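J.: Residue numbers (the working numbering), protein chains in the order written: chain H, 7 to 196; chain A, 7 to 196. For every residue, glycine included, the Cβ atom is placed at its ideal position computed from N, Cα and C. In this text, all values refer to a predicted model and were calculated from it rather than measured experimentally. Can you read through this structure? Questions will come right after.
Protein chains: 2
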Amino acid sequence: MRYRPEHKAEIHRGIVKEASRRVRAEGLYGAAVSTVMRDSGLTHGGFYKHFASKDDLLVESLHDGFAEIVGILARAAEQARPGQAWKAIVKTYLRPEMCDYPERGCPLPALAPELARADPAMRAKFVGELVKYRDRMLPFMPGRRAADKERAFFAIFSTMIGATALSRILPAQTRARVLASARDFLLRSF
Amino acid sequence: MRYRPEHKAEIHRGIVKEASRRVRAEGLYGAAVSTVMRDSGLTHGGFYKHFASKDDLLVESLHDGFAEIVGILARAAEQARPGQAWKAIVKTYLRPEMCDYPERGCPLPALAPELARADPAMRAKFVGELVKYRDRMLPFMPGRRAADKERAFFAIFSTMIGATALSRILPAQTRARVLASARDFLLRSF
DNA sequence: GTCATAGGATGATGTATATCATCCTATGGA
DNA sequence: TCCATAGGATGATATACATCATCCTATGAC
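And the structure:
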């Protein structure tokens with residue numbers, strides 16, 4: 007055997023990390039195989055030693071992106087006083103830096119339309135990620151019954167996703183107004 | 007002269023209409039020159055008799071898409087009782103058909119991330135469209151002062167854009183729950 | 001009817017890309 | 001030290017696309 011056994015896994019993770027960043031920053035088409043490999047310190051040729059297809063890379067990189075944001079939000083929620091967890095999520099999600107650095111943020115404001123247009127097989131995987139996302143956030147949502155919490159999740163995340171996606175089109179000044187409007191609106195509701 | 011003078015303008019409009027539909031249905035990359043021309047009943051070669059570049063077509067087709075949705079929403083608002091106009095806008099925007107047929111809907115849930123990633127010159131034009139969009143909707147928004155109306159516009163449209171973008175990823179049943187959650191949430195607020 | 005011309009068609013060029021066959025080489029076990 | 005091999009590199013192939021030079025033809029002015 008040539009390398010330490012963990013070597014391949016590390017390289018694999020590195021490629022996924024790089025793709026995860028690129029995909030959020032530049033869209034599904036922004037993560038070309040050769041570019042991702044070059045920025046991972048490799049050449050394009052070795053790619054298919056790690057992934058069966060480019061779609062596989064996209065699925066893995068989306069998984070990584072969702073895991074990252076869910077981790078950030080869950081941590082914020084767990085550090086908040088009980089009952090205030092959802093407010094901590096809102097404040098964290100709508101921070102200006104979240105908006106300014108899409109490569110480190112939630113994949114949804116960066117990619118939702120492209121995910122919606124993906125072919126059914128891939129979309130099913132994205133739906134799976136969304137279900138995990140929702141299930142992880144649900145306990146922190148306002149409302150008594152499970153159905154109320156789900157409605158709150160949909161409403162709150164719709165607003166946050168839309169505000170982020172919209173504000174990223176706009177120049178800095180207007181951008182801040184959109185984020186603040188959405189945040190104040192959510193915090194005043196429920 | 008070969009054709010009636012209006013002929014060229016009609017063809018031009020037809021190409022823009024077709025591109026406008028395609029772009030909303032399949033993204034900025036979905037509107038390839040040859041495809042759009044074929045579906046307009048032409049061949050790809052004549053394209054540059056109508057547009058200086060593909061970017062020009064994109065800008066025109068976005069303008070068309072924004073004009074369409076603004077018209078639909080303004081008409082709904084004007085037919086509502088005064089003070090209820092914003093509710094008519096919410097109900098119209100979040101209709102299931104709006105979500106199911108992106109090619110006839112608002113460009114924002116379909117394209118916001120791609121617009122945000124466009125080069126500065128194009129993005130500036132999209133920002134111009136957004137300003138017109140906002141200015142047209144502002145009179146219908148809830149709130150007394152202009153600043154309140156703008157905040158309401160940002161909050162309401164963020165929620166609607168996010169809900170539409172999110173629900174388009176999801177299967178029909180969940181999709182309906184997202185739309186309903188967002189709609190009820192908005193109608194209960196303000 | 002003739003013909004100049006603008007709208008439209010054909011086809012070429014160059015670039016970007018996914019995919020994969022093949023080659024190369026560093027590694028660790030013998 | 002030597003070698004089998006898996007990880008990685010090179011390069012080929014095929015496709016999709018934007019762009020544009022050039023050609024063709026229907027039209028309406030004469």
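Exposed or buried, Arg27 (chain A), counting other C-beta atoms within 10 Å across all chains shown (16 or more means buried)?
T.: Translated into positions along the second sequence, residue 27 (chain A) becomes position 21. Classification of Arg27 (chain A): buried, given that the 10 Å Cβ count is 16 or more.
J.: Among A:Ala80, A:Arg189, A:Phe146, which one has its Cα closest to the Cα of Ile162 (chain H)?
T.: For this step, residue 162 (chain H) is matched to residue 156 along the first sequence. Measuring from the Cα of Ile162 (chain H), the nearest candidate turns out to be A:Arg189.
J.: Pro119 (chain H) and Ala73 (chain A) - do their beta-carbons sit closer together than 8 Å?
T.: Locating residue 73 (chain A) in the second sequence gives position 67, where the first residue counts as 1. Locating residue 119 (chain H) in the first sequence gives position 113, where the first residue counts as 1. Cβ atoms of Ala73 (chain A) and Pro119 (chain H): not closer than 8 Å.
J.: CA-CA distance, Gly51 (chain A) and Gly36 (chain A)?
T.: For this step, residue 51 (chain A) is matched to residue 45 along the second sequence. For this step, residue 36 (chain A) is matched to residue 30 along the second sequence. Gly51 (chain A) and Gly36 (chain A): Cα-Cα distance of roughly 18 Å.
J.: Would you mind working out which of A:Glu84, A:Ala91, A:Ile75 sits nearest Met104 (chain A), comparing C-alpha positions?
T.: The sequence position of residue 104 (chain A) within the second sequence is 98, counting from 1. If we check each option's Cα against that of Met104 (chain A), A:Ile75 comes out closest.
J.: Considering only the beta carbon of each residue, do Ile167 (chain H) and Arg129 (chain A) sit closer than 8 Å?
T.: Taking the first sequence and counting its residues from 1, the one referred to as residue 167 (chain H) is at position 161. Taking the second sequence and counting its residues from 1, the one referred to as residue 129 (chain A) is at position 123. No, the Cβ-Cβ distance between Ile167 (chain H) and Arg129 (chain A) is not below 8 Å.
J.: Of all the options A:Ala58, A:His69, A:Ser59, which has the alpha carbon lying nearest to the alpha carbon of Lys23 (chain A)?
T.: Your numbering for residue 23 (chain A) matches position 17 in the second sequence. The shortest C-alpha separation from Lys23 (chain A) is found at A:His69.
J.: My output table needs one value for Ser164 (chain A): the three-state DSSP class, helix, strand or coil.
T.: Counting from one through the second sequence, the residue named residue 164 (chain A) turns up at place 158. In this structure, Ser164 (chain A) counts as helix in the three-state DSSP scheme.
J.: Quick one: residues in its chain with C-beta nearer than 8 Å to the C-beta of Ala122 (chain H), no 5 flanking neighbours on either side, listed in chain order?
T.: Counted from its first residue, the first sequence places residue 122 (chain H) at position 116. Correct list, in chain order: Arg129.
J.: Does the beta carbon of Phe132 (chain A) sit closer than 8 Å to a beta carbon anywhere in chain H?
T.: Walking along the second sequence from the start, residue 132 (chain A) turns up at place 126. Chain H, which has a Cβ nearer than 8 Å to the Cβ of Phe132 (chain A), makes this yes.
J.: DSSP on Arg87 (chain H), reduced to helix/strand/coil?
T.: Counting from one through the first sequence, the residue named residue 87 (chain H) turns up at place 81. Of the three classes helix, strand and coil, the one that applies to Arg87 (chain H) here is coil, per DSSP.
J.: If you count every other CB in all the chains shown that lies within 10 Å of the CB of His56 (chain A), and 16 or more means buried, which is it?
T.: Residue numbering aside, residue 56 (chain A) sits at position 50 when the second sequence is read from its first letter. The residue is buried, with at least 16 neighbouring Cβ atoms inside 10 Å.
J.: Using a Cβ-Cβ cut-off of 7 Å (strictly less than) and excluding sequence neighbours within five positions of Tyr139 (chain A), which residues of its own chain qualify?
T.: Along the second sequence, read from residue 1 onward, the residue named residue 139 (chain A) stands at position 133. Closer than 7 Å at the Cβ level, and outside the excluded window around Tyr139 (chain A), lie Phe72, Val76.
J.: My understanding is that Leu144 (chain H) touches Lys155 (chain H), with C-beta atoms under 8 Å, so please give their C-beta distance in whole angstroms.
T.: Along the first sequence, read from residue 1 onward, the residue named residue 144 (chain H) stands at position 138. Along the first sequence, read from residue 1 onward, the residue named residue 155 (chain H) stands at position 149. Confirmed, Cβ separation roughly 5 Å.
J.: With Phe196 (chain H) and Pro148 (chain H) assumed to form a contact (beta carbons below 8 Å), what rounded beta-carbon distance in angstroms separates them?
T.: In the first sequence, the residue the question calls residue 196 (chain H) occupies position 190. In the first sequence, the residue the question calls residue 148 (chain H) occupies position 142. Your pair Phe196 (chain H) and Pro148 (chain H) checks out as a contact, with CB atoms roughly 4 Å apart and the cut at 8 Å.
J.: Can you pull out the residues from the region 115-128 of chain H whose beta carbon lies closer than 8 Å to at least one beta carbon of chain A?
T.: Pro115, Ala116, Leu117, Ala118, Pro119, Glu120, Leu121, Ala122, Arg123
J.: Hey, how far is the Cα of Pro113 (chain A) from the Cα of Glu12 (chain H)?
T.: Residue mapping note: residue 113 (chain A) aligns to position 107 of the second sequence, counting from 1. Residue mapping note: residue 12 (chain H) aligns to position 6 of the first sequence, counting from 1. Their Cα atoms are separated by approximately 46 Å.
J.: Is the shortest distance between the beta-carbon of Met143 (chain A) and the beta-carbons of chain H less than 8 Å?
T.: Counted from its first residue, the second sequence places residue 143 (chain A) at position 137. Chain H contact via Cβ: absent.
J.: Just to make sure I have the definition right: I need the residues of chain H whose C-beta is within less than 8 Å of the C-beta of Phe163 (chain A). Which are they?
T.: Residue numbering aside, residue 163 (chain A) sits at position 157 when the second sequence is read from its first letter. Neighbourhood of Phe163 (chain A) in chain H, by CB distance below 8 Å: Gly168, Leu172, in chain order.
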